Structure formats: structure tokens, C-alpha cells
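So the sequence shown is numbered by the UniProt record's numbering: it starts at 1 and just counts up by one.
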Amino acid sequence: MKYCGEPQSPSEGEAAARTAMDPRTVLLQYYPGMDPDVFGPVIMGSRGAVIAGTGLGHVGQPMCRVLKEACEKGIVVVMTSQCLGGTTNMNVYDTGRDLISAGVISVGDMLPEVAYVKLMWVLANSESAHEAKRMMAEPMANETGNRRCVL
Numbered sequence: 001m002k003y004c005g006e007p008q009s010p011s012e013g014e015a016a017a018r019t020a021m022d023p024r025t026v027l028l029q030y031y032p033g034m035d036p037d038v039f040g041p042v043i044m045g046s047r048g049a050v051i052a053g054t055g056l057g058h059v060g061q062p063m064c065r066v067l068k069e070a071c072e073k074g075i076v077v078v079m080t081s082q083c084l085g086g087t088t089n090m091n092v093y094d095t096g097r098d099l100i101s102a103g104v105i106s107v108g109d110m111l112p113e114v115a116y117v118k119l120m121w122v123l124a125n126s127e128s129a130h131e132a133k134r135m136m137a138e139p140m141a142n143e144t145g146n147r148r149c150v151l
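Below, the structure is given as C-alpha cells:
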């Protein structure tokens, strides 16, 4: 077995359990040709959406429009990558830069499933979309930047 990365130190201080979760959160795996007429209503009916984008965390122009509308409506939209061991970089393509401008949060190498659970927790434990976005961008439990591969 080979570990890639350094072991993490245990957290300091007392553990405090805040277990509230907001189930009005969706996780969608983007694919080329994804129909915004099918998935747009799913996103618009949520309080938060995690999108596992292609490559560096990108979606096509039709889905880009839906995600912009969601951000304008106050829905927290988070972009992750589908790539195993990958990370997001939404500055590479125009649609990514447009999504950043619209308010989509890029969460680096956070796994889509981790981002989904974190977003459910953040939405239940924040007062506003602005605060939720800030909380999503900040590591809380070594969920970004320290992913280890095990071979």
C-alpha cells in the first residue's frame, strides 16, 4: 500500500456535534449534452446544488445559463470535478469564468460526494447564501487540498 500525501493531525479542542442537514440539496454529474430543460427544474427546486463538472469543473453553455439563473435566485451552486484525483480550475474556459462571475463556488479537489454532504450541513447551519458560499470555500475538516491516493 502506498499513501500519497501526509497524514493529518487530529483536531484540537472539544468536539461539538451540529447535526442539522438541509435535504433540499442536489448532486448532479454533468455530461455533454445534458438537457437543461430536464435538470434545470431540479436545480431550481433546491437550496443548493453540487455539480460534478467535466475535467477541470466545466459545463456546456446551455447548463451554464441554468446555473447562472440559479445563482441569481439565491441557490448556492458548487462546482467539483468528476476526475479521480482531479481538481477544479474554472478559469480555463469562458463558461467557467462566466460561472465564477455568476457566483458558482469552485471547491478545488473536494470530492463531489463530500461537497454534497458539506453543502447540506452548511445550508442548515448558515444564515444566508453569502455565508453558505463563504463556508463552502473554507476547509473545515481537511476536506480539500489533502486528498491521499492509496495504491
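Here a beta-carbon is modelled for each residue, glycine too, at the ideal position from N, C-alpha and C.
Just so it is clear, the structure is predicted and the values come from calculations on it, not from any experiment.
Legend entry - Euclidean distance between Cα positions of Ala16 and Ala102: 34 Å
Inset, instruction - Note the first and the last residue of the continuous beta strand (DSSP E) segment covering Ser81. - result: Val76 to Ser81
Inset, instruction - Sort out for me which residues DSSP pairs Met51 with in a bridge. - result: Note that residue 51 is Ile in the sequence shown here, rather than Met. Looking at the DSSP assignment, Ile51 forms a beta bridge with Leu28 and Met79.
Inset, instruction - State the Cα-Cα distance for the pair Met79 and Val59, rounded to the nearest angstrom. - result: 10 Å
Legend entry - Cβ-based neighbour list, Ala20, same chain, cut-off 7 Å, excluding 5 preceding and 5 following: Ala124 and Asn125
Inset, instruction - Specify, as a first and last residue, the run of the alpha helix (DSSP H) that Glu131 falls within. - result: Ala129 to Ala137
Inset, instruction - Over the uninterrupted alpha helix (DSSP H) stretch that includes Lys68, give me the two end residues. - result: Gln61 to Glu72
Legend entry - Within 7 Å, strictly: CB atoms of Gly57 and Met90: yes
Inset, instruction - Counting only the same chain and skipping the five closest in sequence on each side, list residues whose C-beta sits under 7 Å from that of Gln29. - result: Ala52 and Gln82
Inset, instruction - Could you tell me which residues DSSP pairs with Ile105 in its beta bridges? - result: Val78
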